[in-house]
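Each remark here refers to the structure printed beneath this line.
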Amino acid sequence: MSTSSQSTSSAPNPTTTSPYLLHRIIPSPSCHLANMRSVSCSTSPKGIAAIVGVGPKLGRSVARKFAHEGYTVAILARDLAKLSRFADEIACEAKAQVFAIRIDCSDSKSVREAFEGVLSLGFVEVLVYNASEPPVTCPPTNFTAITVESFERSLAVSAVGAFHCAQQVIPGMVERGRGTIIFTGSAVSLSGFAGYCGLSCGKFALRGLSQSLAREYQSSGIHIAHVIIHGDIGAPRSSRGDQSTTASMDPDALAQTYWHIHLQDKGAWTQEIDLRSSS
């Protein structure tokens with residue numbers, strides 16, 4: 001992908017190139033695709049925060065945080081119906097522009113088409129890659145029961161998808177001399193767990209990708225970080241109606257850390273951080 005592909009002056013028309021794009025914006029949450037061209041001209045001057053792998057916990061909390069901080073947010077995942085609900089919720093709460101875009105991170109064509117939609121909105125200032133396969137909350141699987149197809153999909157979603165997404169946004173970040181990419185890892189990024197062969201291999205590869213890209217692009221002004229989530233993520237503490245301490249991690253608190261990583265001065269960038277609950 002050429003460096004000009006992320007330039008707003010040459011952005012593709014989302015009405016013709018982005019069949020996966022579903023728009024949600026305040027005050028018109030039912031805005032049609034035909035209106036996207038004029039909308040893209042009024043996106044936040046801060047740029048776009050693209051959050052890949054948005055579910056009901058961490059991904060949604062990260063998207064909400066960046067929306068509250070004034071970013072236009074693109075949220076991406078496979079389930080467009082759920083994404084649409086998340087987009088409406090976040091847009092209404094943050095009074096921000098939020099776009100829901102379907103993506104299958106195991107499919108390079110899907111990634112390319114999804115990011116045509118993202119890039120049509122403007123410059124991607126932040127990429128958060130939060131996708132993994134299987135989900136980190138899945139039960140363990142005996143090694144002999146793992147199929148080649150499921151193993152390859154684990155690598156494709158956890159690592160190869162991150163590679164493709166990064167390739168879509170890095171040229172524009174280099175062109176502008178700034179940008180943040182945050183990859184979400186887990187405890188299996190550091191040590192293989194019995195029953196989690198596919199996930200471990202995918203997360204090991206993701207960690208290597210983050211380290212390699214950080215060394216290659218830090219001199220270009222791009223901050224690339226790897227966040228190790230060392231524990232289970234629960235529901236946001238605010239939604240539980242109490243402030244009690246639990247063993248699970250609060251996704252809103254994790255999202256605060258993602259935000260602080262983005263704000264760090266380039267003289268003291270974090271490349272990797274291990275986050276754990278105090279319980």
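Final position of the sequence shown in full-length UniProt numbering is 279; the numbers increase by one with none missing.
Where a beta carbon is used, it is the ideal one built from N, C-alpha and C, also for glycine.
Here the structure is a predicted model, which means the values were calculated and not measured.
- In this structure, the straight-line span from the alpha carbon of S132 to that of A205 is close to 12 Å.
- Shown here for P139: same chain residues with a beta carbon closer than 8 Å to its own, the five before and five after excluded, namely G195 in chain order.
- For F183, the enclosing beta strand (DSSP E) covers residues 179-186.
- Secondary structure of L199 (DSSP, three-state): helix.
- Counting along the chain, R60 sits inside no beta strand (DSSP E); it lies in the alpha helix (DSSP H) bounded by residues 58-68.
- A Cβ-Cβ contact shorter than 7 Å links V128 with V62.
- Residue G177 holds the alpha-carbon nearest to the alpha-carbon of I222 among F193, G202, E69, G177.
- As summarised for the stretch 104-151, the continuous alpha helix (DSSP H) elements at least 4 residues long and confined to that stretch are 108-121, given in chain order.
- Restricting attention to P135, F183, V54, Q167, the CA atom closest to the CA of A87 is found in V54.
- When only Cα atoms are considered, S219 and I181 end up about 14 Å apart.
- Just so you know, the alpha carbons of K65 and I233 end up roughly 17 Å apart.
- Distances from the alpha-carbon of D274 to those of S150, A187, S200 put A187 closest.
- Counted as a single uninterrupted DSSP element, the beta strand (DSSP E) harbouring T72 occupies residues 72-77.
- For V54, the secondary structure class from DSSP, reduced to helix, strand or coil, is coil.
- Across the set I146, I229, V98, F123, the C-alpha of F123 shows the shortest separation from the C-alpha of P45.
- Contact between S154 and C105 is ruled out by a C-beta separation of about 11 Å, above the 8 Å threshold.
- Here G267 is exposed. Its C-beta has fewer than 16 other C-beta atoms within 10 Å.
- The continuous beta strand (DSSP E) containing F99 extends over residues 97-102.
- Inclusion of A67 and A96 in the CB contact set at 7 Å is warranted, their separation being smaller than that value.
- Distance between I48 and S279, taken at the CA atoms: about 35 Å.
- In the displayed model, D88 falls within a helix according to three-state DSSP.
- DSSP places H223 in no alpha helix (DSSP H) but in the uninterrupted beta strand (DSSP E) bounded by 222-229.
- Annotation: G179 to Q256 spans about 18 Å, alpha carbon to alpha carbon.
- Check the Cα spacing between R215 and each of M173, Q271, H230: the tightest is with Q271.
- The Cβ-Cβ distance between N130 and T184 falls below 7 Å.
- Counting only the Cα atoms, E149 lies some 13 Å from C197.
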